[in-house]
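**Student:** Residue numbers (the working numbering), protein chains in the order written: chain A, 457 to 706; chain B, 1463 to 1909.
Here a beta-carbon is modelled for each residue, glycine too, at the ideal position from N, C-alpha and C.
Just so you know, these numbers come straight off a predicted model, no measurement behind them.
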Ligand SMILES: Nc1ncnc2c1ncn2[C@@H]1O[C@H](COP(=O)(O)OP(=O)(O)O)[C@@H](O)[C@H]1O
Ligand SMILES: [Mg+2]
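Here it is as structure tokens:
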């Protein structure tokens, strides 16, 4: 069974049609990349999958693990194993990262029928993951993303992802705002999550990230439609020829 | 000099009202003091609705009710005080019932060894001299009609005198408690604090009342003198019964190098008006004014602050936050006056409101008057419902919507609570905040 099955999905924001019939199948173990110029609808697709409120689904369906998730709240989707690493993570002053993450871990465990982690086990879990992403301890006591640099925010997203252990990881422009060292660390974190059961969807404008997180499939999104799919060589071709090349091809 | 409010522009009260004269117990100076208050009220009357400072809340429910002063302390025991006493937390506690000091209900411990505290009534000698030197100085009766009526009518008052260099470790809690009355009753709490140079303390004033058929009015006045290099934290807790009326005037004088920090916590009463005036009179004085309002139902809470920068190199910080539910209305008006001599003033004012219902209303306005050229004054104000982006972020990690809402609400309030200097007071107010939010059906967040 496919992990994610997006069938002819259309969505609009504020009365404007943004997604115009998306078809996408991700099987367990696969890494897919969605590339496309700014404004093509990449973040919209990610948001609709994660269940953001102000997006209206006007047609099609999304099956995740064989379940229709479009009717689910964002937290239910997260508990089902979907994770979105945001393009623009928000700052939440006054809510500490550790407090929030423990609440998240235990909400998901509870949903899965697993016992909640106590403070000790939780600490052990996050220490291990922090090491992987070369993060400082002090980070856990800080408010979520408050005063973080762009790169720190992205790293925090991937850190949370590794802690929450999702079935499907959606990364929205995780590479933007990262210098090359940070990019390597973040990619390492993502690659460590690659396994035969997990799916990964990498959304990016540039090919650069795909040198580090090598995809099995590449799709090109333009004006709310996937206009071309291929393997990783498609990304290189796009990089060399630019999006204009596909304009003519489409 | 304290900034005097534009007396001449004020219309005389529309409602005829003869000020009550409080008892003087044979003290001639007190008798004169009361009469000066009454004379001031005869001149200025009630604040008028045309007055810029008073037009945001309707005070006619107060001016049109015939409140009588409490004839004496009503009956109250520890049972009645249980919910509002902080003695159990080890704080010093001075209890006033209907404006009269209750030695039986107070928990004084070793406080008398550290500081002088004195009811006006049984003051004598030096202490009378000190009271007379300060009383009515920071808050002249002419400041406004309520200050005048308090001056005329208080039944007794408390004077706290912190000798030079003394640091009081435990918080001092002054509890003003109003009992049940068979008719509309007014109480005039009066508090005078003089913190001598280098002294240090945290002082809490709580206002609480029993529910009764007739709404009580509390008309409170507090004057504070922060001596050189003193550190004073002054907390006000408004926790009166849901139909009560409450007006408070607080005036603070900050000497060189002193640090004054306040928290005005509004959780009770139907109508609350707070006037807080801080006079930064000498260089390197510092004032931090914080506020937290949690309102619901038809509550109206009006916070007016004035930071009067009269000397150079004085920083001031202001953070007023409101959580408004139901049909609650909030007002914040923060005046920052920078006088010509107050060069290098650094003043930051922030007002933030979280609206928990569509019907709650906030009116927030800064008011800057700057007459010096080398100053930094910033102000900002935000009002809105819970941030949808933040909510979505938390939910996208598996946290339920209800839990996410409560996390964000607690974080909003926590921003103010975390600034409380005294750790045990911080803890006490965090608990109180949880109780208030619980009543708004916001589930608590355990750490
Ligand atoms: N919340 C929103 N409100 C209004 N328009 C939006 C919103 N989100 C996206 N859009 C519009 O949808 C289009 C696609 O945006 P987006 O999905 O962010 O593209 P991409 O991520 O590919 O750059 C853009 O034209 C953008 O302006
Ligand atoms: Mg985008």
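Ignore the nearest five residues each way along the sequence and tell me which others in residue 1573(B)'s own chain have a CB closer than 6 Å to its CB.
**Tutor:** Residue numbering aside, residue 1573(B) sits at position 111 when the second chain is read from its first letter. Closer than 6 Å at the Cβ level, and outside the excluded window around residue 1573(B), lie 1554.
**Student:** Buried or exposed for residue 488(A), please, with buried defined as at least 16 other CB atoms from any protein chain shown within 10 angstroms of its CB.
**Tutor:** Taking the first chain and counting its residues from 1, the one referred to as residue 488(A) is at position 32. With 16 or more other Cβ atoms within 10 Å, it is buried.
**Student:** Quick one: does residue 1859(B) have its CB under 8 Å from some CB of chain A?
**Tutor:** In the second chain, residue 1859(B) corresponds to position 397, counting from 1. Chain A contact via Cβ: present.
**Student:** Could you name the residues of chain A that residue 1863(B) contacts, counting a contact when the two beta carbons are closer than 8 Å?
**Tutor:** Indexing the second chain from 1 puts residue 1863(B) at position 401. By Cβ distance, chain A contributes 529, 531.
**Student:** Please name the residue or residues paired with residue 1942(B) in a DSSP beta bridge.
**Tutor:** Because chain B in this structure spans residues 1463 to 1909, residue 1942(B) falls outside the shown range and cannot be described.
**Student:** If you draw a straight line from the alpha carbon of residue 542(A) to that of residue 504(A), how long is it in whole angstroms?
**Tutor:** The residue given as residue 542(A) occupies position 86 in the first chain. The residue given as residue 504(A) occupies position 48 in the first chain. Whole-angstrom Cα-Cα distance: 13 Å.
**Student:** Helix, strand or coil, according to DSSP, for residue 1491(B) in the structure here?
**Tutor:** Within the second chain, the letter at position 29 stands for residue 1491(B). If DSSP states are grouped into helix, strand and coil, residue 1491(B) belongs with the helices.
**Student:** Would you report the Cα separation of residue 619(A) and residue 554(A), rounded to the nearest angstrom?
**Tutor:** For the purposes of this step, residue 619(A) is taken as the residue at position 163 of the first chain. For the purposes of this step, residue 554(A) is taken as the residue at position 98 of the first chain. Their backbone Cα atoms lie some 11 Å apart in a straight line.
**Student:** Using the Cβ count rule (16 or more neighbours within 10 Å means buried), how would you classify residue 707(A)?
**Tutor:** A query on residue 707(A) cannot be resolved here, the shown segment of chain A reaching from 457 to 706 and no further.
**Student:** With ligand 1 as the reference, list in chain order each residue whose Cβ lies under 5 Å from any of its heavy atoms.
**Tutor:** Matched residues: 469(A), 470(A), 474(A), 494(A), 495(A), 496(A), 497(A), 498(A), 499(A), 500(A).
**Student:** Report yes if the CB atom of residue 1708(B) is closer than 8 Å to the CB atom of residue 1650(B), and no otherwise.
**Tutor:** Here residue 1708(B) refers to the residue found at position 246 of the second chain. Here residue 1650(B) refers to the residue found at position 188 of the second chain. No; because the gap between Cβ atoms is not below 8 Å, this pair is not in contact.
**Student:** At a cut-off of 7 Å, would you count residue 543(A) as near ligand 2, judging by its Cβ distance to the nearest heavy atom?
**Tutor:** The sequence position of residue 543(A) within the first chain is 87, counting from 1. Checking the Cβ of residue 543(A) against ligand 2 gives yes.
**Student:** Taking 8 Å as the threshold (beta carbon to beta carbon), is residue 1852(B) in contact with chain A?
**Tutor:** To locate residue 1852(B), count along the second chain from 1; it is residue 390. So yes, residue 1852(B) belongs to the interface.
**Student:** Below 9 Å between beta carbons is the criterion; list the residues of the segment 1864-1895 of chain B that meet it against any residue of chain A, in chain order.
**Tutor:** Against chain A - using a Cβ distance shorter than 9 Å - the residues of the segment 1864-1895 of chain B are 1865, 1866, 1869, 1870, 1872, 1873, 1874, 1875, 1876, 1877, 1880.
**Student:** Please compile the residues from chain A whose C-beta is within a distance smaller than 7 Å of the C-beta of residue 1554(B).
**Tutor:** For this step, residue 1554(B) is matched to residue 92 along the second chain. Chain A residues near residue 1554(B): none, gap ~31 Å exceeds 7 Å.
**Student:** By Cβ distance below 8 Å, which residues in the same chain neighbour residue 622(A) in space, the five residues on each side in sequence not counted?
**Tutor:** By 1-based counting over the first chain, the position of residue 622(A) is 166. Excluding residues within five positions, the ones whose Cβ falls inside 8 Å are 534, 537, 538, 539, 654.
**Student:** Select from 1883(B), 1904(B), 1859(B) the residue whose C-alpha is nearest the C-alpha of residue 567(A).
**Tutor:** Translated into the one-based positions of the first chain, residue 567(A) becomes position 111. Nearest C-alpha to residue 567(A): 1859(B).
**Student:** Quick check on residue 1855(B): buried or exposed, where buried means 16 or more other Cβ atoms within 10 Å of its Cβ?
**Tutor:** Against the second chain, residue 1855(B) aligns to sequence position 393. Classification of residue 1855(B): buried, given that the 10 Å Cβ count is 16 or more.
**Student:** Between the C-alpha atoms of residue 1849(B) and residue 1602(B), what's the straight-line distance to the nearest angstrom?
**Tutor:** One-based indexing of the second chain puts residue 1849(B) at position 387. One-based indexing of the second chain puts residue 1602(B) at position 140. Each residue's alpha carbon lies about 44 Å from the other.
**Student:** If we ignore side chains and look at the alpha-carbon of each, how far apart do residue 1483(B) and residue 1877(B) end up?
**Tutor:** For the purposes of this step, residue 1483(B) is taken as the residue at position 21 of the second chain. For the purposes of this step, residue 1877(B) is taken as the residue at position 415 of the second chain. Going from the Cα of residue 1483(B) to the Cα of residue 1877(B) covers about 43 Å.
**Student:** Does ligand 2 have a heavy atom nearer than 7 Å to the CB of residue 524(A)?
**Tutor:** Translated into the one-based positions of the first chain, residue 524(A) becomes position 68. No - ligand 2 has no heavy atom lying nearer than 7 Å to the Cβ of residue 524(A).
**Student:** 8 Å is my cut-off, CB to CB: does residue 1902(B) come that close to chain A?
**Tutor:** Taking the first residue of the second chain as 1, we reach residue 1902(B) at position 440. It does not: the Cβ of residue 1902(B) has no partner Cβ on chain A nearer than 8 Å.
**Student:** Could you tell me which of 570(A), 656(A), 548(A) sits nearest to residue 598(A), measuring between CA atoms?
**Tutor:** One-based indexing of the first chain puts residue 598(A) at position 142. The option with the nearest alpha carbon to residue 598(A) is 548(A).
**Student:** Residue 530(A) and residue 652(A): beta carbons closer than 8 Å?
**Tutor:** As a working note, residue 530(A) is residue 74 in the first chain. As a working note, residue 652(A) is residue 196 in the first chain. Contact: no.
**Student:** Excluding the five sequence neighbours on either side, which residues of its own chain have a C-beta within less than 6 Å of the C-beta of residue 558(A), listed in chain order?
**Tutor:** Translated into positions along the first chain, residue 558(A) becomes position 102. Taken in chain order, the residues that qualify are 578.
**Student:** For a contact meaning CB atoms closer than 8 Å, what does residue 1855(B) contact in chain A?
**Tutor:** Here the question's residue 1855(B) lines up with position 393 in the second chain. Under the 8 Å cutoff, chain A gives 542, 545, 546, 548, 600.
**Student:** Contact criterion: CB-CB distance below 8 Å. Does residue 556(A) meet it with respect to chain B?
**Tutor:** One-based indexing of the first chain puts residue 556(A) at position 100. Chain B contact via Cβ: present.
**Student:** With a Cβ-Cβ cutoff of 8 Å, do residue 1813(B) and residue 1778(B) count as a contact?
**Tutor:** Numbered from 1 along the second chain, position 351 holds the residue referred to as residue 1813(B). Numbered from 1 along the second chain, position 316 holds the residue referred to as residue 1778(B). Contact flag unset, no.
**Student:** Quick check: the Cα distance between residue 666(A) and residue 691(A), rounded to an integer number of angstroms?
**Tutor:** For the purposes of this step, residue 666(A) is taken as residue 210 along the first chain, with counting starting at 1. For the purposes of this step, residue 691(A) is taken as residue 235 along the first chain, with counting starting at 1. So the two alpha carbons sit approximately 8 Å from each other.
**Student:** Residues bridged to residue 1741(B) by DSSP?
**Tutor:** For the purposes of this step, residue 1741(B) is taken as residue 279 along the second chain, with counting starting at 1. Its beta-bridge partners are 1715(B), 1770(B).
**Student:** Taking only beta-carbon positions, decide if residue 463(A) is within less than 8 Å of chain B.
**Tutor:** The residue labelled residue 463(A) in the question sits at position 7 within the first chain. Closer than 8 Å: no.
**Student:** With a cut-off of 8 Å, do at least 3 Cβ pairs link the segment 1750-1759 of chain B to the segment 1781-1788 of chain B?
**Tutor:** A contact exists between the segment 1750-1759 of chain B and the segment 1781-1788 of chain B.
**Student:** Would DSSP call residue 595(A) helix, strand or coil?
**Tutor:** What you label residue 595(A) is simply residue 139 of the first chain in a count that begins at 1. Helix.
**Student:** For residue 559(A), which residues in chain B fall below 7 Å Cβ to Cβ?
**Tutor:** If you number the first chain from 1, residue 559(A) lands on position 103. The contacting residues are 1861, 1865.
**Student:** From the beta carbon of residue 650(A), is the nearest beta carbon of chain B less than 8 Å away?
**Tutor:** In the first chain, the residue the question calls residue 650(A) occupies position 194. Judged by the 8 Å Cβ criterion, residue 650(A) is not in contact with chain B.
**Student:** Does the Cβ-Cβ distance between residue 1568(B) and residue 1559(B) come in under 8 Å?
**Tutor:** As a working mapping, residue 1568(B) is identified with position 106 in the second chain. As a working mapping, residue 1559(B) is identified with position 97 in the second chain. Not closer than 8 Å, so no.
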